[in-house]
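Structure, as structure tokens:
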Amino acid sequence: MKQFFTILIVLVCATAFCQVGGVAISHNGSLPDASAGLDVNFTNKGFLLPRMSTVQRDSISNPAFGLMILNTTSNCFNVWLGTTWKQLCGDCDFGQPVTGNNGPICEGQTLNLTASTILGATYQWSGPNGFTSNQQNPSIANATAGASGSYSVQATLNGCTSQPQSTVATVNAIPQTPTAGNNGPVCAGQNINLSSTTIIGATYSWSGPNNFSDNAQNPIIANIQSNQAGNYSVIASVSGCNSAPGNTTVVVNTIPATPGNISGPVNETPNAPGQVYYISRVSGATSYNWTVPAGASITSNFDTTITVTFGSIAAGVVSVSATNACGTSSASSLNIIGTQTFNATGIGYTGSIQTFTAPITATYTIQAMGAAGGNSTNLGGYGASMQGDFNLTQGQVLNILVGQAGAVPDQYGSGGGGGGTFVVLNGSPIIVAGGGGG
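Under the numbering used here, the first residue of the sequence shown is numbered 1286, with each subsequent residue one higher.
This is how it looks when you write it as structure tokens:
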């Protein structure tokens, strides 16, 4: 190549006028201008620069400052200015488009690419994943992390195409959803420990009942109360992108409420099995504690329902309380009245006041009869019979006076009237039965 170039120069100088300090190439033998190293002077011919595409131009190694070519890609003269090729296009001498984007954004958002306006120009974009667009400001909806990278645009005006101008877009991935948890169920007054799985580089945001919020990964709620139970959620954020919420349900138990009224018979049926007592279920209770009077036994127990067998006398209280892991409620109670028939033999006429002491607290049925009157052949009229139910406390004493029967008729045929019977409690008669006529 060097040999050819030398020969070329010799041939040129053979047909041109050469002198020290410059070279003239002309059709009329004119000398070179003193300021020119090479002076081409023709009236019927032009001067040709090297012609090449942009790809060929960019393959030039270490171009010299001021090196010039004709770019067949853009149809423009190009000059190397030390750091970049400058386009010299005449009608193509317009500024390069200024590029930008709205990143960083998060996956699922819209990536907006922008190019400055060049009046009358068309645009051609290219980018990652084979992206192309001929819009000035294209958008990529629902962008993924794979859309991150360099995007370039060229503007074309008057048949001239600008140099590619680039902008780097970043689409950050959505963090994985954190797994939320807690140490419940707990009792009111205890601490709840909320927890979230670790996501590298993340910050955390918790929310929950009663406007709860916290930015710790694993916050603690001290002395929690029942109104703070419910759903708690946590969001992890990385590079400004939020995960879907992770959720956990906090359960706060309290001591159960006192059971409602006990339903069932209040009078025992001695030695007869199958007297059923029951309550409505208590919210939050896990078990129920029943007690029955001495002399009675529970023959079946189904939490809120029991079957009781009573002894001969089992007056007292049936009670029940509710229990869970947090404690036991106060008890609900039902008073049971014992039943017993007392033999009245011996509580007859004695001529003096007799007593009866109540053996248990219960309702007693008392029947009192006045004595009959006498007549000529047998007795006279029957005395009155009075009966009533009375609540007596164990140990209370009744004073009882039973009337005497009327005397038999004398020689005149007259019989005596019967005496009355009186039952007195605390100094006041509670039953009076008059005697029969003679």
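Glycine included, every Cβ here is placed at the ideal spot set by N, Cα and C.
Contacting residues, own chain, Cβ-Cβ under 7 Å from residue i (five flanking each side not counted)
i	result
C1303	For C1303, the predicted model reports a pLDDT of 48, less than 50, meaning its position is unreliable; a value from the coordinates is still stated below. Excluding residues within five positions, none has a Cβ falling inside 7 Å.
A1718	A1653, M1654, G1655, G1668, A1669, S1670, M1671, G1705, T1706
S1713	none
Host alpha helix (DSSP H) of residue i (start-end)
i	result
V1687	Looking at the DSSP string, V1687 is not in any alpha helix (DSSP H), and its letter there is neither H nor E.
T1339	1339 to 1343
Assigned secondary structure, residue i (DSSP; H/G/I helix, E/B strand, else coil)
i	result
P1413	helix
N1574	strand
A1309	strand
Q1513	helix
G1431	helix
I1564	coil
S1582	strand
V1717	strand
S1724	Because residue 1724 is not part of the residues shown, which for the chain are 1286 to 1723, the question remains open.
N1508	coil
V1456	strand
T1357	coil
G1444	coil
G1474	coil
N1748	This structure gives no information on residue 1748, because the portion of the chain shown stretches from 1286 to 1723.
G1331	coil
G1525	coil
A1426	coil
L1404	coil
T1399	strand
Q1681	coil
I1485	coil
I1520	strand
G1703	coil
Q1450	strand
N1538	strand
G1569	coil
G1659	strand
L1439	The amino acid at residue 1439 is misidentified as Leu; the sequence shows Gln. It is a strand residue.
Range covered by the beta strand (DSSP E) that runs through residue i
i	result
V1708	1706 to 1710
N1363	1361 to 1365
K1371	1370 to 1373
S1548	From DSSP, S1548 is part of no beta strand (DSSP E); its letter is neither H nor E.
F1675	1670 to 1677
D1499	1497 to 1499
N1532	1531 to 1535
Y1726	No answer is possible for residue 1726: it lies beyond the span of the chain, which begins at 1286 and ends at 1723.
N1556	Neither: N1556 is in no beta strand (DSSP E) and is coded neither H nor E.
A1319	Looking at the DSSP string, A1319 is not in any beta strand (DSSP E), and its letter there is neither H nor E.
A1653	1647 to 1654
S1490	1488 to 1493
T1384	1384 to 1386
A1465	1465 to 1467
Within 7 Å, strictly: CB atoms of residue i and residue j
i	j	result
A1669	G1703	no
L1396	A1454	yes
I1505	N1478	yes
G1460	A1426	It should be pointed out that residue 1460 corresponds to Pro in this sequence rather than to Gly. For P1460 and A1426, no; Cβs fall outside 7 Å.
I1583	V1567	no
V1687	G1633	yes
T1339	T1384	no
S1548	Y1563	yes
G1701	G1659	yes
S1615	P1541	no
Q1420	A1400	no
N1276	Q1475	Since the first residue of the chain shown is 1286 and the last is 1723, residue 1276 is not available in this structure.
S1617	T1543	yes
S1481	P1463	yes
P1449	G1434	no
V1438	P1382	yes
D1674	T1635	no
N1684	I1716	no
V1537	S1511	yes
T1534	C1611	no
D1532	N1516	Looking at the sequence shown, residue 1532 is not Asp but Asn. Closer than 7 Å, so yes.
Residues near residue i by beta carbon distance below 8 Å, same chain, minus five either side
i	result
F1350	W1365, L1366, G1367
F1362	L1334, M1353, I1354, L1355, N1356, Q1372, L1373, C1374
A1430	E1392, V1456, N1457, A1458
S1498	S1490, W1491, S1492
T1640	V1682, L1683, N1684, I1685
S1522	P1460, A1487, T1488, Y1489, S1490, S1528
Cβ shell of residue i (< 6 Å), same chain only, five flanking positions each side left out
i	result
Q1679	A1643, I1645, T1646
T1358	S1338, T1339
T1576	S1604
query: Which runs of the beta strand (DSSP E) fall wholly inside the region 1589 to 1644 and span at least 3 residues, in chain order?
result: DSSP runs (the beta strand (DSSP E)) wholly in the region 1589 to 1644: 1590 to 1595, 1601 to 1609, 1617 to 1621, 1639 to 1642.
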